[in-house]
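Notes follow the structure.
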Amino acid sequence: MHRTQGIARYYSLIAGLAYEKKDFVKSVRMLHKAIKIQKSLKRLEGLADDWYSLGDSLKQLNRPSDAKDAYKKSKDCYNSLGNIKRVMAANNIIKALHAT
Numbered sequence: 046m047h048r049t050q051g052i053a054r055y056y057s058l059i060a061g062l063a064y065e066k067k068d069f070v071k072s073v074r075m076l077h078k079a080i081k082i083q084k085s086l087k088r089l090e091g092l093a094d095d096w097y098s099l100g101d102s103l104k105q106l107n108r109p110s111d112a113k114d115a116y117k118k119s120k121d122c123y124n125s126l127g128n129i130k131r132v133m134a135a136n137n138i139i140k141a142l143h144a145t
């Protein structure tokens, strides 16, 4: 594992712990850092998961528009990876957010 990739994973893990503790602001902050690194490494798998998690955290912060954007970005990454199951999961959440 590349050192920078390890740092991105670290930020993702910290974001997950913050989410579990309902510290959604910290989760968002850590995910933005992870996403920046994942983009620079062009790692679609990590990027897709981090965008999806960002959507979850933003949804919890009652920021539906920002959450939709994050889910759309995750959906695009999952689509590029051929992960139809995750594409559909993201799409279902996007539809539910449109209804609110």
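If you read the sequence shown in my numbering, its first letter stands for residue 46, the second for the next number, and so on. C-beta: ideal position from N, C-alpha, C; glycine also.
**Prompt:** Would you report the Cα separation of residue 84 and residue 92, rounded to the nearest angstrom?
**Reply:** 7 Å
**Item:** Inter-residue Cα distance where the pair is residue 118 and residue 110
**Value:** 13 Å
**Prompt:** Between residue 103 and the rest of its own chain, which residues show a CB-CB distance below 7 Å, the 5 nearest in sequence each way excluded?
**Reply:** 73, 111, 112 and 115
**Asked** How should residue 125 be labelled, buried or exposed, when 16 other C-beta atoms within 10 angstroms of its C-beta is the threshold for buried?
**Response** exposed
**Item:** Candidates 143, 97, 135 and 140: closest to residue 80 by CA position
**Value:** 97
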